[in-house]
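Residues in the sequence shown are numbered from 42 upward in steps of one, following the working numbering. Input: a single structure, listed below in C-alpha cells.
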Amino acid sequence: MTELFSADWMKQFQQAWNSEPEMVEPLAKAGFNSVIGYGYTDQDKPSGYIGVENGKVTSAGSYSAQTLNWDLRASKQQWQEWLSKDVGLTTLGAAVTMGRLNFKKGEYASMIKNPGLAGPFIKSFNLMGRMQMENA
Numbered sequence: 042m043t044e045l046f047s048a049d050w051m052k053q054f055q056q057a058w059n060s061e062p063e064m065v066e067p068l069a070k071a072g073f074n075s076v077i078g079y080g081y082t083d084q085d086k087p088s089g090y091i092g093v094e095n096g097k098v099t100s101a102g103s104y105s106a107q108t109l110n111w112d113l114r115a116s117k118q119q120w121q122e123w124l125s126k127d128v129g130l131t132t133l134g135a136a137v138t139m140g141r142l143n144f145k146k147g148e149y150a151s152m153i154k155n156p157g158l159a160g161p162f163i164k165s166f167n168l169m170g171r172m173q174m175e176n177a
C-alpha cells in the first residue's frame with residue numbers, strides 16, 4: 042500500500058480528483074485556485090500537497106515549501122479512521138470543533154459556508170477513502 046500523503050499517493054489523489062466531475066465542476070464554477078497541504082499534527086510541515094487551478098489538480102507531490110492556502114492536519118490514527126468510511130459534514134464539523142482536524146492555514150468556517158466549496162471538501166475525504174480501499 043502506498044504511504045498516505047507520499048508523493049506517489051498525492052499523484053494518485055490528483056488523478057482521482059481530476060476524474061471526479063463532482064469535484065472539478067463545482068470548484069471550477071467557484072473559480073477555486075489553491076495550494077492545499079495535508080499532513081499530521083505532530084509534524085512541523087505537511088507531508089503532501091496539491092495545487093488546484095480552476096477546480097483541477099495541476100500539481101501534486103511531497104510538500105517542499107510551497108506557499109499554502111490551506112493546511113489540513115490530523116493524527117495518523119484520525120486520518121485512517123476517516124478514510125475507512127464515508128464521512129459527512131457533521132463528522133468533519135465535529136472533528137474541527139474537537140480539535141481532531143486542524144486548519145494550520147485556511148478557515149473552515151468560511152469554506153463550509155460556501156456550497157461550491159463545502160460539497161467538494163467533504164467529497165475529497167471520501168475520495169481519499171476510496172483510494173485507500175482500492176490500494177489496500
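Beta carbons: idealized from backbone N, C-alpha and C, even for Gly.
With a beta-carbon spacing of about 19 Å, residue 142 and residue 73 fall beyond the 8 Å limit used to define contacts. Distance from the CA atom of residue 133 to the CA atom of residue 58, rounded to whole angstroms, is 19 Å.
In the DSSP assignment, residue 151 falls within the alpha helix (DSSP H) that extends over 149-153.
In terms of Cα proximity to residue 105, the closest of 46, 66, 168 is 46. A straight line joining the alpha-carbon of residue 162 with that of residue 43 spans about 22 Å. The residue from 170, 175, 173, 164 with its alpha-carbon nearest to that of residue 61 is 164.
Burial is judged here by how many other beta carbons sit within 10 angstroms of a residue's own beta carbon; residue 171 has fewer than 16 and is exposed. In the assembly as shown, residue 55 is a buried residue. Its beta-carbon has 16 or more other beta-carbons within 10 Å.
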